[in-house]
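Here the structure is laid out as structure tokens; the discussion comes afterwards.
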Amino acid sequence: MELAGRIAVVTGAGDGMGRQLVHQLMASGAHVAAIDISESGLADTKATAVADGVRLTTHVVDVADEQQLIGAAADIRAQHQTDHIHLLFNNAGIGGGGSFFTDDRATWERTFNIDWGGVYLGVRTFLPLLVAADQARIVNTSSVNGFWASLGPRSPHTSYSAAKFAVKGFTEALITDLRNNAPHVTCAVVMPGHIGTGIVANSRKIFTGNSSDQLSAVELAGARARMATAGVDVDRLSDDDIQQFVDEQARHFAEKAPTTAAQAARIILDGVRADQWRILVGDDAHELDRRVRSDPESAYTVEFYDSFTSEVGWGLGGL
């Protein structure tokens, strides 16, 4: 698919891969409707975009809310003066709900409802506009956690992994469904490894409603409890130590990743142009995929994880 002149919808467009997809789509000549829950994030995406002869609209939406998505679809039709779109990038996602035992149900379900529900509702909402196009493509972001439900044997990772497995399975099932019912519409599943984004910090802000980088008293207590569960002697740590640890974890995830958000977006769009249905992003994703396929019985052992991380240098507690 050539991108010039196409109309694309991108969720999670206020930061990270979503922002880079918006910028690179526009640079390729596509018109873009950018969706995100963060108004300030969308403002930054718009402020840093180069709109040379193409249209960019922004829409503040919680992708887990079907009525908000339906309203956005109506706004997109009006603002882009169209009855169709060509590309749908269901990219929005957050981390959280790691443990089915120790994390509260609301956090678990909020994570699942965004990471899976946002994809499901996105396809439901925009499918009529995709079918109305002469050629269209659905691009759903899963993760390496869509084929490996883990961050390693020491870190529960249930909600995010369950959601990403659902995204992968749904997208693969759509291949046949679309072929039989709307053959001019195709789909692709994206499985990134560790990409340098702000998902760690942004997820915390979404869950807590605290837009500040400074942790509240409740957040400090929660972080202290999680660290204690992981075996850290938190009695020796002050609140400032806890704050510094959380800040460093978020910074390390964003800045020390083997693949940048811009590189990830380029790989995704190259895959879209080449009509690939399975797009792995990052050397770590390719290597982990190879290892899991070659020895699935060992995929959740300490030895598997330690061998993988020692070779690729990857292993932060979050994707």
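Heads up: the sequence shown is residues 1 to 319, going by the UniProt record's numbering.
The beta-carbon is built from N, C-alpha and C at its ideal position, and this holds for glycine as well.
For residue i, three-class secondary structure by DSSP
| i | result |
| --- | --- |
| Phe89 | strand |
| His59 | strand |
| Val292 | helix |
| Thr45 | helix |
| Ala136 | strand |
| Thr186 | strand |
| Ser298 | helix |
| His286 | helix |
| Met26 | helix |
| residue 321 | Summary: the structure shown does not reach residue 321, with the chain confined to residues 1 through 319, and so no result is reported for it. |
| Met1 | coil |
| Asn210 | coil |
| Asp177 | helix |
| Gly16 | helix |
| Asp52 | coil |
| Phe308 | helix |
| residue 322 | Residue 322 is absent from the model: the chain starts at 1 and stops at 319. |
| Val232 | coil |
Pairwise C-alpha distance: residue j and residue i
| i | j | result |
| --- | --- | --- |
| Ser28 | Arg6 | 9 Å |
| residue 324 | Gly271 | The chain is shown only over 1 to 319; residue 324 falls outside these bounds and no answer can be derived. |
| Thr171 | Val234 | 43 Å |
| Phe308 | Ala162 | 22 Å |
| Ala285 | Gly152 | 15 Å |
| Gly318 | Ala254 | Only weak support exists for where Gly318 lies, its pLDDT of 38 falling under 50; the value from the coordinates is given anyway. Cα to Cα, the separation comes out at about 11 Å. |
| Met26 | Thr301 | 44 Å |
| Arg124 | Val139 | 13 Å |
| Val292 | Ser150 | 11 Å |
| Thr57 | Phe304 | 45 Å |
| Gln67 | Leu121 | 10 Å |
| Gly222 | Asp240 | 14 Å |
| residue 373 | Asn202 | Given that the chain is displayed from residue 1 to residue 319, the structure contains no residue 373 and the question cannot be resolved. |
Paired residues, beta bridge with residue i - DSSP
| i | result |
| --- | --- |
| Pro192 | Val281 |
| Thr259 | Ile195 |
| Ala34 | Val10, Thr58 |
Top-ranked residue by Cα proximity to residue i, from the options
| i | options | result |
| --- | --- | --- |
| Ala262 | Gly18, Phe165, Asp275 | Gly18 |
| Pro258 | Val281, Phe165, Glu39 | Val281 |
| Thr158 | Asp15, Asn202, Asp103, Asp62 | Asp103 |
| residue 332 | Phe100, Ala225, Asp241 | The question about residue 332 has no answer, for the chain in this structure spans 1 to 319. |
| Gly97 | Thr107, Phe89, Asn91, Ile279 | Thr107 |
| Val60 | Ala92, Asp52, Ile85 | Ala92 |
| Ala64 | Thr82, Gly12, Phe165 | Gly12 |
| Thr186 | Ser203, Arg273, Arg154, Val200 | Arg273 |
Query raised in the report: Which ranges would you report for the beta strand (DSSP E) in the region 94 to 173 if only whole runs of at least 3 residues count?
Result: DSSP assignment within the region 94 to 173 yields the following whole beta strand (DSSP E) runs of 3 residues or more, N-terminal first: 136 to 141.
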